[in-house]
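Engineer: Using the numbering used here, read the sequence shown as starting at 292 and increasing by one per residue. Encoded as structure tokens, here's the structure I'll be asking about.
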Amino acid sequence: MKETILVTGGAGYIGSHIVVELARAGYAPVVLDNFANSTPAVMSRLQALAGRPVPLVTADVRDAVALRSAFHDHPIAAVVHCAGLKAVGEAEGRPLAYYDVNVGGAIALAEVMGEAGVATLVFSSSATVYGQPDDLPVTEDAALRPHNVYGRTKRVVEDFLRDLAHANANWRIAILRYFNPAGAHSSGMLGEASRGRPNNLVPLLCKIAAGELAEVAIYGGDWPTPDGTGIRDYLHVQDLAEGHVAALSYLAAATGAITLNLGAGSGHSVLEVIAAFEASCGRKITRVMSPRRPGDVACYYADPARAEAILDWRAKRDLGTICADAWRWQKNGGRY
Ligand code: NAD
Ligand code: UFG
292 MKETILVTGG AGYIGSHIVV ELARAGYAPV VLDNFANSTP AVMSRLQALA
342 GRPVPLVTAD VRDAVALRSA FHDHPIAAVV HCAGLKAVGE AEGRPLAYYD
392 VNVGGAIALA EVMGEAGVAT LVFSSSATVY GQPDDLPVTE DAALRPHNVY
442 GRTKRVVEDF LRDLAHANAN WRIAILRYFN PAGAHSSGML GEASRGRPNN
492 LVPLLCKIAA GELAEVAIYG GDWPTPDGTG IRDYLHVQDL AEGHVAALSY
542 LAAATGAITL NLGAGSGHSV LEVIAAFEAS CGRKITRVMS PRRPGDVACY
592 YADPARAEAI LDWRAKRDLG TICADAWRWQ KNGGRY
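Shown next as structure tokens:
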């Protein structure tokens, strides 16, 4: 058995997949979550897929007292920090809440990790920190110009973690910039359980194919892209989870902070995603053309070369697999 890894936000969409991949790789994951955007019902699925008990700490990541207890109660060797708020639109109206949870949570966690002598941390950042990049594919050296509150909270945490590693050479930190995580666990047992109308494209297509929503509004058919719709780098959530396992093994023999793109390295337009989803589910997706969504950008996709070279990791699952797995999850109910 390898070490115990604390996964904050481990009951959420991405964190839950990370928990399963960590267990598969021989680690002992422990979940910390306050269920602000998830449910304890995920835990039984996690235990089943992990094939071992997965301890749960029900706590707010900003709560230093609760964090100290977690480090006291479990032999934690490293932390994967996924807990946070992620709704881009909501963040514009609630900046204080977003800075408090995303930035305040990271500070509280780092402080308690320092006290506990745990110095290995993997942080969930986002390609949102780039805004609209000047060049494609986007490398990690591109300028950081996030155009929303959510992206700025991620940029602040990134800066703070790099400063921490600079100030104290004990820290081993991987800052992972996710492009567009999508899809679900191939078992159909884990996936994104959206509360209310989903914001993101693939979960929305699931609800439309299931007959729960009528149609998708395509946010702009006049972007400067080949078919006029927005292009993104969709990354299967299991590939993303495997990237975290690779990051932890890299950190075992590294010091300092490293920043890496996790993306598939290719872009797909909204129309291409709709076509791939229709092929997976065998149903027609009704769509209407709508104005551009404020804050959206035309096109971005990752240059994942640094992650490939340093972590020996690459995305293995294609857009068809993303859609097929998302649809399997939806057919199983799409919720816990
Ligand atoms: P999610 O909402 O499904 O998961 C986040 C988890 O954190 C939830 O289980 C939630 O209950 C928990 N949480 C929220 N506030 C908390 C708090 N104060 N204390 C303890 N737990 C708390 O979101 P996700 O899609 O799994 O995202 C995970 C991380 O990845 C987030 O940090 C997010 O910003 C980042 N990220 C997500 C995407 C994406 O498209 N899903 C893209 C880039 C980065
Ligand atoms: N889209 C539509 N209609 C919809 C939803 C999305 O046309 O109803 C389009 C968007 O305009 C975009 C593409 O589908 O071109 C993907 O949109 P998503 O909302 O699924 O994903 P985003 O690229 O907007 O979101 C990503 C990450 C977020 C991050 C955000 C910030 O998933 O974590 O970038 O830009 F915060």
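Glycine is no exception: its CB is placed at the ideal position from the N, C-alpha and C atoms.
(1) Where Arg-605 and Lys-498 are concerned, what is the direct C-alpha to C-alpha distance, given to the nearest angstrom?
(2) Starting from Pro-386, trace the alpha helix (DSSP H) in both directions and tell me its first and last residue.
(3) Applying the criterion that 16 or more other CB atoms from any shown protein chain within 10 Å of the CB defines a buried residue, is Val-579 buried or exposed?
(4) Tell me, which residues are paired with Pro-472 by DSSP?
(5) Would the segment 544–558 and the segment 592–602 be scored as touching if the rule is three or more Cβ pairs under 8 Å?
(6) Kindly list the residues whose CB is nearer than 6 Å to the CB of Val-569, restricted to its own chain and excluding five residues on each side of it in sequence; keep chain order.
(7) For a minimum of 3 consecutive residues, which ranges assigned as the beta strand (DSSP E) are wholly contained in the segment 485–549?
(8) Please list, in chain order, all residues of the same chain as Gly-422 whose beta carbon is under 6 Å from its beta carbon, the five residues on each side excluded.
(9) Just curious, the beta strand (DSSP E) that His-372 is in, first and last residue?
(10) Kindly indicate which three-state DSSP category Arg-443 falls into: helix, strand or coil?
(11) Would you report the Cα separation of Leu-347 and Gly-301, rounded to the nearest angstrom?
(12) Using 8 Å as the Cβ pair cut-off and three pairs as the minimum, do the segment 338–346 and the segment 475–483 touch?
(13) State the DSSP-derived secondary structure class of His-363, mapped to helix, strand or coil.
(14) Just verifying my parser: in three-state terms, what is the DSSP assignment at Met-334?
(15) DSSP three-state label for Ala-465, please.
(16) Cβ of Lys-377 versus every heavy atom of ligand 2: is any distance shorter than 8 Å?
(17) Inspect the beta-carbon positions of Gly-408 and His-372 and report whether they are closer than 9 Å.
(18) Does DSSP put Met-404 in a helix, in a strand, or in coil?
(19) For a test of the three-state rule: what should DSSP assign to Val-267, helix, strand or coil?
Structural biologist: Straight from the coordinates:
(1) The alpha-carbon atoms of Arg-605 and Lys-498 are separated by roughly 29 Å.
(2) Where Pro-386 is concerned, the enclosing alpha helix (DSSP H) stretches over 386–389.
(3) That one is exposed.
(4) Within the DSSP secondary-structure output, Pro-472 pairs in a beta bridge with Leu-526.
(5) Result yes; three or more Cβ-Cβ pairs closer than 8 Å.
(6) The sequence shown places Glu at residue 569, rather than the Val named in the question. If you ignore the 5 residues before and after Glu-569, its C-beta comes within less than 6 Å of the C-beta of Ile-576, all in its own chain and listed in chain order.
(7) If we require 3 residues or more, the beta strand (DSSP E) runs fully inside the segment 485–549 come out as 507–510, 525–527.
(8) So the list reads Arg-436, Pro-437, His-438, once near-sequence residues are dropped.
(9) Where His-372 is concerned, the enclosing beta strand (DSSP E) stretches over 367–372.
(10) DSSP places Arg-443 in helix when its eight states are reduced to three.
(11) Each residue's Cα considered, the two are about 9 Å apart.
(12) They touch, by the three-pair rule.
(13) If DSSP states are grouped into helix, strand and coil, His-363 belongs with the helices.
(14) Reduced to three states, the DSSP call for Met-334 is helix.
(15) Here Ala-465 sits in strand by DSSP.
(16) Lys-377: yes, Cβ under 8 Å from ligand 2.
(17) No; because the gap between Cβ atoms is not below 9 Å, this pair is not in contact.
(18) Helix.
(19) Since the first and last residues shown for the chain are 292 and 627, residue 267 lies out of range.
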